[in-house]
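Engineer:
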Amino acid sequence: MSLAAQQLRLRAGARILVDALDLSLEPGEVLGILGANGSGKSTLLAVLAGLGRPTHGEVTLDGRPVSALPALTRAQHIGLLPQGDDGGFLGSVADFVALGRFPFGGRADPLPQLRHWELADLAHRPLATLSGGERQRARLAQLALQQPRVALLDEPLTHLDPLHQSRLLDWVRAEADAGGSVALSLHDPSWAAHHCDRLLFLYGDGRWRIGTPAALLTPFALEGLYGAGTARMWRQGAIGEPV
Amino acid sequence: MAGPLPADAELARQILTDLRGPRVAAAFACGGLLALAGALMQTLFRNPLAEPYLLGVSGGAGLLALLGMAAGLAWPWVSLLAFAGSLIALGLAAAMGGRLLARDHTPLLLAGVMLAAGFGALIALVLSIAPAERLPGMLFFLMGDLAWAGNVPLLWGALLLGVAAALSLARRLDVLQLTPLKAASLGVAVAPTRWMLFGLAGAATSLVVAQAGTIGFVGLMVPHALRKLGFSGHRLLLPAAALAGGSLLVLADALARTVIEPRELPVGVLTALIGVPLMLWLLRKP
Chain B
1 MSLAAQQLRL RAGARILVDA LDLSLEPGEV LGILGANGSG KSTLLAVLAG LGRPTHGEVT
61 LDGRPVSALP ALTRAQHIGL LPQGDDGGFL GSVADFVALG RFPFGGRADP LPQLRHWELA
121 DLAHRPLATL SGGERQRARL AQLALQQPRV ALLDEPLTHL DPLHQSRLLD WVRAEADAGG
181 SVALSLHDPS WAAHHCDRLL FLYGDGRWRI GTPAALLTPF ALEGLYGAGT ARMWRQGAIG
241 EPV
Chain L
1001 MAGPLPADAE LARQILTDLR GPRVAAAFAC GGLLALAGAL MQTLFRNPLA EPYLLGVSGG
1061 AGLLALLGMA AGLAWPWVSL LAFAGSLIAL GLAAAMGGRL LARDHTPLLL AGVMLAAGFG
1121 ALIALVLSIA PAERLPGMLF FLMGDLAWAG NVPLLWGALL LGVAAALSLA RRLDVLQLTP
1181 LKAASLGVAV APTRWMLFGL AGAATSLVVA QAGTIGFVGL MVPHALRKLG FSGHRLLLPA
1241 AALAGGSLLV LADALARTVI EPRELPVGVL TALIGVPLML WLLRKP
């Protein structure tokens, strides 16, 4: 199962965010997407998920345009973890997580996922009473229950403590090892360096770069991506040194 | 029962089957439809304080009904005018605010609130210039009154059909509680489903308003209270709302008929008098 983008152009109003992007997400691959705030990471992920239309170009899943797939079929293959809170949900954590099975019609036991994300003790609490990090884990558990072959995660590390960042890593790796592909946006070059197979840099003005972490994660390249001053943070250790 | 009934028992039976029975049946159906519509509106707007009249339905219906009354029209015509008025209000709200419903429900909400405010002003205008002898009837319409709700088969047909239609959407509505983008990623067609909610809630509300005026509070309080009490899945919430809404309105109407016998109160006064303290008490619960 491979998700591919050809000649994508994305706009925000009159501004071109991404231009002429060719990208193929292969089975077993973890792709990290880095870029400054507003550079188009979320827009790109929504378009890759078939939920937004590009200004130009096309996204295909195994050669078929995602925009032409029936909604449920698409949801059986592609999962999206959008940013934004689902705190308006009034039911329990278990009910919330179970919604991940919607595309498949039947009911699925959310317990294994609740355990993996350490939510089993909170399963019957109203979602709204959870902390930000706990809610993020519930959203990840919901996505995991969906078992998408292509998982698109928008800043999944948000709110997660180090232990649960490692739980996320375990899940991402297990997905990739099982032949799934994962694309995630993030702001942590260290995480990107250690845990992503390839990186996509979005400059927010149409330009982009794609390559291995070793090739892309240099202080010079990060200054080019985020602006002056980031290399200084890198040297002072605020950003982890890539290996 | 064996043998012919004595005369007063016959009278009692007639009162029961010809007057009280239909009125209780109409009250239950109206309350059920309003609570169902409220539950659907709360899901449509992802807000537990949404209610059936949010989009100006009561204002549109009230304005045309009052104009009809001011012109001296009789009830079936007033009822039809009320129905037309609520449909006009819904149409205006949809036309002005419905464009981006796949992503954002705020424009629809704002259009509805603005329309309601405009209709409210026009209603006040009609009230202030209408002949004095017509005012009591107008006030009863605006507060809701089941004395007019004569078409029991229509109301019950609508209630059963409405609950069945809403239940067929129940799983989708559960997902619709998430953000629109997340709901879409799970395979729910957000805009069509939201339009279905709009249509179902709008039709149910319009029907009740045309039969019994603008009975307040049932549509807000019942589904909100049920959600507070832990009914979050729509498969239980929707039928429970219909049952509880119907029961509440039967109770309120019984009180409206009897509190100051032989005169009647508008039932909307009673739903608010029962509902407000209950809501305030529920709000104190965590």
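Chains as they are written, first to last, in my numbering: chain B, 1 to 243; chain L, 1001 to 1286. Beta carbons are placed, not taken as given, at the ideal position from N, Cα and C, and that holds for glycine. Computed from a prediction, not measured in an experiment: that's the story for all the values here.
1) Would you say B:Phe201 faces chain L, with C-beta separation under 8 Å as the test?
2) So, is L:Ser1185 buried or exposed, given that buried needs 16 or more other C-beta atoms within 10 angstroms?
3) Could you work out which residue in B:Arg53, B:Leu48, B:Ala12 is closest to B:Asn37 when comparing CA atoms only?
4) Just the chain B side, please: which residues come within less than 7 Å of L:Arg1046 by C-beta, in chain order?
5) Taking C-beta pairs closer than 8 Å, name the residues in chain L that B:Leu99 reaches, listed in chain order.
6) For B:Leu51, does the three-state DSSP call read helix, strand or coil?
7) Please compile the residues from chain A whose C-beta is within a distance smaller than 8 Å of the C-beta of L:Leu1181.
8) List, in order along the chain, the chain L residues whose C-beta lies closer than 8 Å to that of B:Asp62?
9) Mind checking L:Pro1192: buried by the 16 CB within 10 Å criterion, or exposed?
10) In the DSSP assignment, find the beta strand (DSSP E) that holds B:Ser181 and state where it starts and stops.
11) Using a Cβ-Cβ cut-off of 6 Å (strictly less than) and excluding sequence neighbours within five positions of B:Leu48, which residues of its own chain qualify?
12) Taking the straight line between their C-alpha atoms, what separation do you get for L:Arg1099 and L:Leu1064?
13) Any idea what DSSP makes of B:Val243, helix, strand or coil?
14) B:Leu8: which of B:Ala68, B:Arg15, B:Asp19 sits nearest, CA to CA?
15) Spatial neighbours of L:Ala1158 within its chain, please: C-beta separation below 8 Å, excluding the five flanking residues on both sides.
16) Relative to the C-alpha of L:Pro1022, which residue among L:Ala1210, L:Asn1151, L:Val1078, L:Ala1070 is closest?
17) Classify L:Glu1133 as buried or exposed, calling it buried when 16 or more other Cβ atoms lie within 10 Å of its own Cβ.
18) Using three-state DSSP, classify B:Ser131 as helix, strand or coil.
19) List the whole-angstrom C-beta distance separating B:Leu90 from B:Gln142, where the pair is believed to meet the contact cut-off of C-beta under 8 Å.
20) List, in order along the chain, the chain L residues whose C-beta lies closer than 7 Å to that of B:Pro103?
21) According to DSSP, which residues form a beta bridge with B:Ile210?
22) In whole angstroms, give me the CA-to-CA distance for L:Gln1234 and L:Leu1040.
23) List, in order along the chain, the chain L residues whose C-beta lies closer than 7 Å to that of B:Leu72?
24) Could one say the Cβ of L:Arg1171 lies closer than 8 Å to chain B's Cβ atoms, at least one of them?
25) Name, please, each residue of chain L whose Cβ falls closer than 8 Å to the Cβ of B:Asp109.
26) Taking Cβ positions only, does L:Gly1068 come closer than 8 Å to chain B?
27) When DSSP labels each residue in this structure, what does B:Ser24 get in the three-state scheme?
28) Would you say B:Gly91 faces chain L, with C-beta separation under 8 Å as the test?
29) What first and last residue would you give for the beta strand (DSSP E) that runs through B:Gln6?
30) Which of helix, strand or coil does DSSP assign to B:Ala238?
31) Does DSSP classify B:Glu58 as helix, strand or coil?
32) Starting from the N-terminal side, write out each stretch of the beta strand (DSSP E) that is 3 residues or longer and does not extend beyond the stretch 101–162 of chain B.
33) Give the C-beta separation of B:Ala245 and B:Val93 to the nearest angstrom, bearing in mind that I take them to be a contact with Cβ-Cβ under 8 Å.
34) Mind checking if L:Ala1061 is an interface residue toward chain B, Cβ cutoff 8 Å exclusive?
35) Count the other CB atoms, across all protein chains shown, that sit within 10 Å of the CB of B:Trp208; report buried if there are 16 or more and exposed otherwise.
36) One question on the structure: do L:Leu1237 and L:Val1218 come within less than 8 Å of each other, judged by their Cβ atoms?
Structural biologist: In short, the structure shows the following:
1) no
2) buried
3) B:Ala12
4) Gly88
5) Asp1174, Val1175, Leu1178, Leu1186
6) coil
7) In the structure shown, chain A does not exist; the protein chains are B and L.
8) By Cβ distance, chain L contributes nothing, its closest Cβ being about 18 Å from B:Asp62, past 8 Å.
9) exposed
10) 181–185 is the span of the beta strand (DSSP E), which, as asked, contains B:Ser181.
11) Counting only Cβ-Cβ distances below 6 Å, and skipping sequence neighbours, we find Val59, Leu152.
12) Distance between the alpha carbons of L:Arg1099 and L:Leu1064: 27 Å.
13) Residue placement at B:Val243 cannot be trusted, given a pLDDT of 42 that sits under 50; what the coordinates show is reported in the next sentence. DSSP places B:Val243 in coil when its eight states are reduced to three.
14) B:Asp19
15) Ala1029, Leu1033, Ala1203, Ala1204, Leu1207
16) L:Asn1151
17) exposed
18) coil
19) Incorrect: roughly 15 Å between the Cβ atoms, too far for contact.
20) Leu1186, Gly1187
21) Per the DSSP secondary-structure output, B:Ile210 pairs in a beta bridge with B:Leu200.
22) Checking the displayed sequence, the identity of residue 1234 of chain L turns out to be His instead of Gln. Approximately 9 Å, taken between the alpha carbons.
23) Gly1187
24) yes
25) Residues of chain L passing the Cβ test: none, with the nearest at roughly 16 Å.
26) no
27) Residue state, collapsed to three classes: strand.
28) Chain L, which has a Cβ nearer than 8 Å to the Cβ of B:Gly91, makes this yes.
29) Run containing B:Gln6: 3–12, per the beta strand (DSSP E) assignment.
30) Only weak support exists for where B:Ala238 lies, its pLDDT of 49 falling under 50; the value from the coordinates is given anyway. Residue state, collapsed to three classes: coil.
31) strand
32) 150–154
33) No information on residue 245 of chain B is available, as it lies outside the stretch 1 to 243 that chain B covers here.
34) When Cβ-Cβ separations below 8 Å define contact, L:Ala1061 makes no contact with chain B.
35) buried
36) no
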